[in-house]
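Written out below as structure tokens is the structure these notes cover.
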Amino acid sequence: AEVKRHVAIDLGASSGRVAIGTIQDGKLSVNVVHRFANGGVPVQGRLYWDVLGLWKEILHGLRLAAQHGHIHSVGVDSWAVDYALLDEHDLLMDGVHHYRDPRTGGVMDDCLNVLPRSAVYASTGIQFLPFNTVYQLVAHERQAPGILNRACQLLLVPDLLHFWLSGRRATERTNASTTQLYDPREDAWSAPVITAFGLPPVLFPDIVPAGTVLGEVTPAVAQETGLTSTVVVAPATHDTASAVAAVPAVGNDWAYLSSGTWSLVGVETLSPVVTPEALQYNLTNEAGVNGTTRLLKNVMGLWIVQECRRAWGSPDFAQLYADAEAAAGGPLVDPDDGRFLHAGLDMPQRIQAYCRETGQAVPATPAEITRCVLESLALRTAEVLLQLEDVTGRMISTLHVVGGGSQVRFLNQLLADTTGRRVIAGPVEATLIGNLLVQAEASGSIPAGSLRSVVLQSEALDTFEPTTAVPSQRLALFAQLGRAQPLHS
Ligand code: LFR
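When we follow UniProt numbering, the leftmost residue of the sequence shown carries the number 3, and every step to the right adds one.
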């Protein structure tokens, strides 16, 4: 039979890529045909995504892909929670706001005075983050009263792009779960949450599972790109869900760290863990592929370094990490302090202020600041692993680090030493791979349920053993840091 070509469009917060994947002899090969930058666009104190710019890059990437021969299927994944509102003519009613847009300030607390935390958690199992779609919608209505009632449809970012590609409106389940408007037990939008915050139920499209064939690309897209009779297949549209699907793990004693703009630290479970302990730790139960649950926590991640780097005039990442490794360590921050969430060229000063306020040495150079962030991320990861062990009763002996951050060898070693667990690093492009393999599975290119073994067959991995145990006093010191404005309140 002819080898099918699948195309993944993977949009991360700081970059995007378009890649062709093919399966031969049980192995996946990936050919990235187009890469482009992404990021927030500040306008009048607000922060947007350049969704039209992304669309243009997607068309360009598809045009390049089409030159390689017939493309069987295409699918999009992106970061979570953000959405577009469409009117009755399918026109965009506003730009797509970035989840770091400060408009959500204070909104979550107001909402939780209306429907208590325990009730929202019981219905959704989702962690309380100020930018969850539910709070963004309430913020949107405050900004532009009446907008939600004028809107006809809400589409999450990958769903919007799938609509533009195929003409079909649907919400793929893994990303729907991140909105905090989805009830995993009912596999439906959460009526209690939607009602409590006065959101129009008609906004929310049908929910479909990853692997759903949405339809052929529209004639306009075919003409623009050269694609012919290509089908749009929804992958796990939440990037983290695609990444977790591609974790090359075996057995049950492992956790993952999807490392990029965010550090997503979690385990895979057969069903949601919605217990008082999980709520207390503010762990989230996001939907995974094939009915699994991703029990995880958002840790602020390399965003802090990315934003510092921007303030330093964008020096080379590899050099910055090498300098951090050689620099003096010591001071720590709670990376999940809410002050680090928003964009701003004062990120280095925010780190320094945190250290000063907590009576620590103040890191001065880019190398020292970067080291402080990396050590802090490793400690926070160690803490979250203990919480995951606590709520699941599992023993975690291996941490799989996937995504762009898995290339930072110094961070991998810090993670091994700090958590006391073996770190297996790779693949770097886990999200792309997970996206491609869900399409391959849906198209019969690989056997059902074989994603992880295909990744293991296809990718070279790196192992980091814990060498210098990090003293327990360090964990204790970290645990004592003042947590004045936690992101996870
Ligand atoms: C990672 C990610 C996280 C989500 C955050 C915001 O790219 O998708 O999983 O919490 O971005 O959407």
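For every residue, glycine included, the Cβ atom is placed at its ideal position computed from N, Cα and C.
Ranking Ala-248, Thr-242, Glu-270, Ala-121 by CA distance to the CA of Phe-199 puts Ala-121 first. Cβ-Cβ distances below 6 Å link Pro-203 to Ile-196 in the same chain, with the five nearest sequence neighbours on each side left out; the list follows chain order. With respect to Gly-262, Gly-42 sits apart: the two C-beta atoms are not nearer than 8 Å. If you ignore the 5 residues before and after Asn-33, its C-beta comes within less than 7 Å of the C-beta of Ala-21, Ile-22, all in its own chain and listed in chain order. In the DSSP secondary-structure assignment, Gly-268 is bridged to Tyr-258, Leu-298. The Cβ-Cβ distance between Ile-25 and Ser-447 falls below 8 Å. In the three-state DSSP reduction, Arg-7 falls in the coil class, being neither helix nor strand. Distance from the CA of Val-78 to the CA of Trp-166, rounded to the nearest whole angstrom, comes to 11 Å. Under the criterion of beta carbons closer than 8 Å, Asn-254 and Arg-396 qualify as touching, at roughly 7 Å.
Within the DSSP bridge table, the entry for Arg-48 names Val-45 as partners. Per DSSP, Ala-427 is not a residue of any alpha helix (DSSP H); the beta strand (DSSP E) it occupies stretches across 424-427. Placement of the Cβ of Gly-340 at a distance of 7 Å or more from every heavy atom of ligand 1 is found. For the 8 Å CB-CB criterion, Gly-428 and Leu-379 do not form a contact.
In this structure the segment 299-306 does not touch the segment 41-59; the number of beta carbon pairs closer than 8 Å is below three. By the C-beta density criterion, Gln-354 is buried, having at least 16 other C-beta atoms within 10 angstroms. Of Phe-133, Pro-365, Gly-407, Leu-438, the smallest CA-CA separation from Ala-329 is found for Pro-365. Glu-4 is classed as exposed because its beta carbon has fewer than 16 other beta carbons within 10 Å across all chains shown.
Per DSSP, Ala-444 is one residue of the alpha helix (DSSP H) stretching across 432-444. For the 8 Å CB-CB criterion, Asp-241 and Gly-14 form a contact. Distance check between Val-472 and each of Thr-181, Gln-415, Gln-129, Ala-243 places Gln-415 closest, using alpha-carbon atoms only.
Along the length of the segment 179-256, whole alpha helix (DSSP H) runs at least 4 residues long occupy 193-198, 221-227, 241-247, reported in chain order. Taking a 10 Å sphere around the C-beta of Leu-439, we find 16 or more other C-beta atoms and assign the residue as buried. Counted as a single uninterrupted DSSP element, the beta strand (DSSP E) harbouring Asp-464 occupies residues 464-466.
The secondary-structure analysis by DSSP pairs Arg-65 with nothing; it has no beta-bridge partner.
For Asn-287, the enclosing beta strand (DSSP E) has its first and last residue at 286-289. Under a 10 Å Cβ-count criterion, Pro-333 is classified as buried, with 16 or more other Cβ atoms of the shown protein chains found around its own Cβ.
Apart from the 5 residues on each side of it in sequence, Ala-82 sits with its Cβ closer than 6 Å to the Cβ of Asn-177, Thr-180, His-240 in its chain, given in chain order.
A check of alpha carbon separations from Gly-315 across Trp-264, Pro-368, Val-233 identifies Pro-368 as the nearest.
Remark: three or more beta-carbon pairs, one from each stretch, lie closer than 8 Å, so the segment 133-142 and the segment 104-115 are flagged as touching. With respect to the C-alpha of Leu-343, the residue from Val-76, Pro-104, Leu-93, Asp-92 having the closest C-alpha is Pro-104.
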